[in-house]
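In what follows, a single structure is set out as structure tokens and then discussed.
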Amino acid sequence: MDKWTVHDADELYNISRWGEGFFSINSDGHVIAHPKGQGKGDIDLKYLIEDLEDRGIALPVLLRFSDILARRIEDVSLAFAGAIKEYDYKGSYQSVVPIKVNQQKHVVEELITSGRPYHLGLEAGSKPELLAAIGMIDDPQAIIVCNGYKDFEYLETALLSCKIGLRTIIICDRFQEIVDLVRLKNERNLVGPIGVRCKLAAKGAGRWSESGGEFSKFGLTANELVKAVDLLAQNNMLDQLKCLHFHIGSQVTAIRAVKGAIREASRLFVDLYKMGAKLEYLDVGGGLAVDYDGSKTNFASSANYTLQEYATDIVAELGAACSREDVPHPVILSESGRALVAHHSVLVFNVLGVNELTQTDALLPEVTDDDHEILHDLKELYTNINAKNFVEIYHDASEAKDQLTNLFTLGYVSLRERAKAEEMFLACVRKMMALAEKLEYVPEDIERIQKKMFDTYYCNFSVFQSVPDHWAVGGLFPVMPLHRLGEEPKRRGIIADLTCDSDGKIAKFIDLHDVNSTLALHNFDGSPYYVGVFLVGAYQETLGDLHNLFGDTNVVHVSLSETGGYRITHHVAGDTVADVLEYMEYEPKELIRRVRMATEEALSSGRMTFDEVRALMARYETGLSGYTYLEGEDQMLTVTDQNGQTTKARENPRQFPHISGVQAAVPVSPVAPVAETAAQT
Ligand SMILES: Cc1ncc(COP(=O)(O)O)c(C=O)c1O
Numbered sequence: 010m011d012k013w014t015v016h017d018a019d020e021l022y023n024i025s026r027w028g029e030g031f032f033s034i035n036s037d038g039h040v041i042a043h044p045k046g047q048g049k050g051d052i053d054l055k056y057l058i059e060d061l062e063d064r065g066i067a068l069p070v071l072l073r074f075s076d077i078l079a080r081r082i083e084d085v086s087l088a089f090a091g092a093i094k095e096y097d098y099k100g101s102y103q104s105v106v107p108i109k110v111n112q113q114k115h116v117v118e119e120l121i122t123s124g125r126p127y128h129l130g131l132e133a134g135s136k137p138e139l140l141a142a143i144g145m146i147d148d149p150q151a152i153i154v155c156n157g158y159k160d161f162e163y164l165e166t167a168l169l170s171c172k173i174g175l176r177t178i179i180i181c182d183r184f185q186e187i188v189d190l191v192r193l194k195n196e197r198n199l200v201g202p203i204g205v206r207c208k209l210a211a212k213g214a215g216r217w218s219e220s221g222g223e224f225s226k227f228g229l230t231a232n233e234l235v236k237a238v239d240l241l242a243q244n245n246m247l248d249q250l251k252c253l254h255f256h257i258g259s260q261v262t263a264i265r266a267v268k269g270a271i272r273e274a275s276r277l278f279v280d281l282y283k284m285g286a287k288l289e290y291l292d293v294g295g296g297l298a299v300d301y302d303g304s305k306t307n308f309a310s311s312a313n314y315t316l317q318e319y320a321t322d323i324v325a326e327l328g329a330a331c332s333r334e335d336v337p338h339p340v341i342l343s344e345s346g347r348a349l350v351a352h353h354s355v356l357v358f359n360v361l362g363v364n365e366l367t368q369t370d371a372l373l374p375e376v377t378d379d380d381h382e383i384l385h386d387l388k389e390l391y392t393n394i395n396a397k398n399f400v401e402i403y404h405d406a407s408e409a410k411d412q413l414t415n416l417f418t419l420g421y422v423s424l425r426e427r428a429k430a431e432e433m434f435l436a437c438v439r440k441m442m443a444l445a446e447k448l449e450y451v452p453e454d455i456e457r458i459q460k461k462m463f464d465t466y467y468c469n470f471s472v473f474q475s476v477p478d479h480w481a482v483g484g485l486f487p488v489m490p491l492h493r494l495g496e497e498p499k500r501r502g503i504i505a506d507l508t509c510d511s512d513g514k515i516a517k518f519i520d521l522h523d524v525n526s527t528l529a530l531h532n533f534d535g536s537p538y539y540v541g542v543f544l545v546g547a548y549q550e551t552l553g554d555l556h557n558l559f560g561d562t563n564v565v566h567v568s569l570s571e572t573g574g575y576r577i578t579h580h581v582a583g584d585t586v587a588d589v590l591e592y593m594e595y596e597p598k599e600l601i602r603r604v605r606m607a608t609e610e611a612l613s614s615g616r617m618t619f620d621e622v623r624a625l626m627a628r629y630e631t632g633l634s635g636y637t638y639l640e641g642e643d644q645m646l647t648v649t650d651q652n653g654q655t656t657k658a659r660e661n662p663r664q665f666p667h668i669s670g671v672q673a674a675v676p677v678s679p680v681a682p683v684a685e686t687a688a689q690t
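To convert a position in the sequence shown, counted from 1, into the working numbering, add 9.
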């Protein structure tokens, strides 16, 4: 067999396909990020994580690459600009990012800053989101689109925001909102640009296709659109109807669905214009899909089209429909969320321990004369397994194991014998798996057991907090180790989180042709083993919850610096235990007081010593102010600096530079005193 190389790792984890040029593997076998694209500066993720740990920023950590965000905005805008030029389209294009995709202030700020050259705006789906958008947008040419269920207060706020120079468009998702806008004009003389969301007959494709179609939650039917035009005309407001909007669902996996929707929406646009609405915008909603598995198919976690095809189909179809009927080409707005922000975040956590079911070098249990005869049978079965008989032996071994378990339940064999039977059976299965791997056709029974034979890698994170879509809707994300990729990963495992829930795991992984139930991983020997979950920038952070009181993770924003290294531009500290307890209305001070009182009782009744009281109170108080995840203190050495301050440092201090061919921007010695380290960051 050929020697394993990093190219094999690339193939195995598909990184070139889903990475969109933002991630690859270097010759050291480490994942590297190219936030501005290939050849424009790299960041070695393993070294970056080690640097963060050296600064005292514990795992799990969410890395946000600001330059990737900027590149995605640019890519989408350039794709539309290219199509506009190619098709001689007379209108322009503007992005209106749905704030719900990632409402975190620093992300929104970066979107606005990087999107300024393109007048990037925001889409609000609720009143709180509108208030955030009003406070954040400072470009008079950027557009705020208001979607969602709107009450009077929401509508009024949106209309008033136009008076401070914002371009806020209210998209009426229900007919009642048109009625309310008419009332606001007649009673309060408040007017502003109006849009209507239409219910298209054309449906989306993929997991969220129900967001579109005639029975979708929001949007006006053809009949309601006509009534809306009439009502606005009767109230001299038809000139305010500026925008037609549609949204056929998130993650539209098939280009056919996009084509169908834009064709129908273009017809509606033209007819509404001819009915007297001075439409200036067509908002194509969100839905531009992310190819999470890199398969480029219409599978739920993929997309069978490119960004350029998407932009071209929209521009070409709309341009042609308008030109045919002499209708001015509108400004195209799109509300792409995940396509803009998914790529920029990577969740990184460390492996804490492994339950090894597939261990091939496990010792056979010793079977003695005193053991039950079934154990002797099992041992013989094990010895006789070969490529020709292993299915038959599998059945015999299963039966033997079941018989022994029954005998145990009836009290005829001991727990020790039952344990030996379990081990012996597992040894048989492992031997069979090794034989099956060499076969082209694997019998069904063996395939079934093969799927159950995996290791469990316990990892320092919570699926519910950091990858909720995996748990809630089976969303797939690329998961892979960040290093050791020059070494063949010989284990198959699933990723289990820290929660006590059996659902708290990642047990479905991307594959080019299917969904994998296990992930290829390296043998865990206790030294740091970092795993990344990629493309988690969209929806995951705010949908995440506090299951088992695991809070927000640490977040760092990483940018390539002008000198070629990297800079940490923001660090958002993860929740402490006290934070999450306070969310649940506990008062940490009161908890400490109660525990203190309990220790006094224990002291006076002689159940505790002073030392034990001190130890418990110290654990309790530092526990409250600590991270909700495991901080892995004991993986680090304790170092005392010249001021007598104690910090943790790595056993083998690393040297800079970590970043391909350039000096790291923030050279922090792992043994530097804390104050100095902090000053440099
Ligand atoms: C109205 C609206 N616009 C835009 C989006 C963003 O969709 P996506 O993130 O798939 O681009 C959504 C999400 O479903 C939405 O409901």
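By construction, the Cβ of each residue, glycine as well, lies at the ideal position given by its N, Cα and C atoms.
* Rounded to whole angstroms, what's the CA-CA distance from L625 to R64? Just pull it up for me. => L625 and R64 have their C-alpha atoms some 28 Å from each other.
* **4 or more residues per run - each alpha helix (DSSP H) lying fully within the region 207-260** => Counting whole runs of 4 or more residues, the region 207-260 contains the alpha helix (DSSP H) stretches 231-243.
* Between P107 and ligand 1, is the CB less than 7 Å from at least one heavy atom? -> Result yes, Cβ under 7 Å from ligand 1.
* **Endpoints, the beta strand (DSSP E) within which F543 is located** => Premise fails: F543 is in no beta strand (DSSP E) and is neither H nor E.
* When the Cα atoms are used, what is the spatial distance from L190 to L168? -> The straight-line gap from Cα to Cα measures roughly 9 Å.
* **Best match in C155, A67, G124, P126 for proximity to T637 [C-alpha to C-alpha]** => The residue with the shortest Cα to Cα distance from T637 is A67.
* Quick one: what's A529 bridged to in DSSP? -> Answer by DSSP bridge pairing, in chain order: R501.
* Asked: What's the call for Q113, buried or exposed, on a 16-neighbour Cβ count within 10 Å?
  -> Under a 10 Å Cβ-count criterion, Q113 is classified as buried, with 16 or more other Cβ atoms of the shown protein chains found around its own Cβ.
* **Beta-ladder partner(s) of K440, from DSSP** => In the DSSP output, where bridge partners are listed per residue, K440 has none listed.
* To do: Give a single yes or no on whether A214 has its beta carbon closer than 7 Å to a heavy atom of ligand 1.
  => Ligand 1 never approaches A214 closely enough for any of its heavy atoms to be under 7 Å from the residue's Cβ.
* Asked: Going by beta carbon distance, what residues of the same chain come within less than 7 Å of V110, once the five residues before and after it are set aside?
  -> G346, R347, V350, A547, Y548, listed in sequence order.
* **Backbone CA spacing between I394 and T618 [nearest angstrom]** => Cα to Cα, the separation comes out at about 59 Å.
* Inter-residue spacing [alpha-carbon to alpha-carbon] between V117 and Q459 -> Cα-Cα distance, rounded: 45 Å.
* Exposure of H352, with buried meaning 16 or more beta-carbon neighbours within 10 Å -> It counts as buried.
* Asked: What residue ranges within the region 326-411 form continuous alpha helix (DSSP H) runs of no fewer than 4 residues, ordered along the chain?
  -> The DSSP assignment places 347-350, 382-393 as complete runs of the alpha helix (DSSP H) inside the region 326-411, in order along the chain (cut-off: 4 residues).
* **Cutoff 8 Å; reference L424; Cβ partners in own chain excluding five residues on either side** => If we look at L424 and ignore the five residues flanking it on each side, its Cβ neighbours are F417.
* To do: Would you tell me roughly how many angstroms separate the C-alpha atoms of T585 and S634, rounded to the nearest one?
  => Approximately 6 Å between the Cα atoms of the pair.
* If you run the structure through DSSP and keep just helix, strand and coil, what is A18? -> The three-state reading of DSSP puts A18 in helix, counting H, G and I together.
* **Near ligand 1: N156 beta-carbon under 7 Å from a heavy atom** => N156: yes, Cβ under 7 Å from ligand 1.
* Asked: Is the beta carbon of I519 less than 8 Å from the beta carbon of D302?
  -> For the 8 Å CB-CB criterion, I519 and D302 form a contact.
* **Beta-carbon contacts of K12 that lie in its chain and below 7 Å, excluding the five residues immediately before and after** => Taking K12 as the centre and dropping the five residues before and after it, the same chain places no C-beta closer than 7 Å to its C-beta.
* Asked: Cβ atoms of N469 and N364: under 8 Å apart, would you say?
  -> Not closer than 8 Å, so no.
* Asked: Can you tell me where the beta strand (DSSP E) with R73 in it begins and where it stops?
  -> Unbroken beta strand (DSSP E) run through R73: 70-74.
* C-alpha gap between T572 and N198, whole angstroms -> T572 and N198 have their C-alpha atoms spaced approximately 55 Å apart.
* Can you tell me where the alpha helix (DSSP H) with E132 in it begins and where it stops? -> Not the alpha helix (DSSP H): E132 falls in the beta strand (DSSP E), residues 130-133.
* Segment limits, beta strand (DSSP E) that includes A298 -> Per DSSP, A298 belongs to no beta strand (DSSP E) and is neither H nor E.
* To do: Round the Cβ separation of P107 and E344 to the nearest angstrom and send it over; I've been treating them as touching at under 8 Å.
  => About 5 Å separates the two Cβ atoms, so the contact holds.
* **For N563, the three-state DSSP class (helix, strand or coil)** => Strand at N563.
* Asked: Skipping 5 residues on each side, what residues in its chain have a beta carbon closer than 7 Å to that of D84?
  -> Correct list, in chain order: L316.
* **Start-end ranges of the beta strand (DSSP E) lying completely within the region 137-188, minimum 3 residues** => Scanning the region 137-188 for uninterrupted beta strand (DSSP E) segments of 3 residues or longer gives 152-155, 176-181, listed from N- to C-terminal end.
* What is the rounded straight-line gap between the Cα of A88 and the Cα of D322? -> The alpha-carbon separation between A88 and D322 amounts to approximately 11 Å.
* **Contact test: E344 Cβ vs ligand 1 heavy atom, cutoff 7 Å** => E344 Cβ: within cutoff of ligand 1.
* Whole-angstrom C-beta distance between L209 and A286, which should lie under 8 Å -> Not really, about 17 Å apart at Cβ, beyond 8 Å.
* Taking 7 Å as the line, does the beta carbon of A348 fall inside it for any heavy atom of ligand 1? -> A348 Cβ: within cutoff of ligand 1.
* To do: Could you spell out the range, first to last residue, of the alpha helix (DSSP H) harbouring F278?
  => Residue range 264-283 is occupied by the alpha helix (DSSP H) that includes F278.
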